[in-house]
Amino acid sequence: MDQEYLEAVMGLIINSGNAKSDAMEAIYAAKAGNFEEADAKIKGAEEALVQAHHSQTGLLTKEAQGEKLEITLLTVHSQDHLMTSIAFTDLAKEIIDLHRKISE
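Right, dumping it as structure tokens:
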């Protein structure tokens, strides 16, 4: 695995993890009634997911151009991390909306 490939995979893992953490903090903020902070944290989660997608797109582009990429457990883990973070962020938005409605 070359350095550029490793950096892309690690970018996926790091940014996906940041997104999930921000989404969890957004839920905690909404639960406490702080919807301004919840919205800011969700925005942070979405921005981290965009960064993760950039890493993923770079890898997909290389493969589409015919470059043979090594699939390792780390690669699989990075994709799993991304998909989990996307689902978690989507669910966090719904939970925040529920807290917002309950507090009205």
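With positions in the sequence shown counted from 1, the corresponding number in the working numbering is that position plus 5.
C-beta: ideal position from N, C-alpha, C; glycine also.
- By the C-beta criterion, the region 20–30 is judged to be in contact with the region 40–57, since at least 3 inter-stretch pairs fall below 8 Å.
- Using a Cβ distance threshold of 9 Å, I19 and T94 do not count as a contacting pair.
- Shown here, G49 sits in a helix according to DSSP, grouped into three states.
- In the pairwise beta carbon analysis, the region 28–48 is classified as touching the region 91–108: at least three pairs are separated by under 8 Å.
- Rounded to whole angstroms, the gap between the alpha carbons of H59 and K67 is 12 Å.
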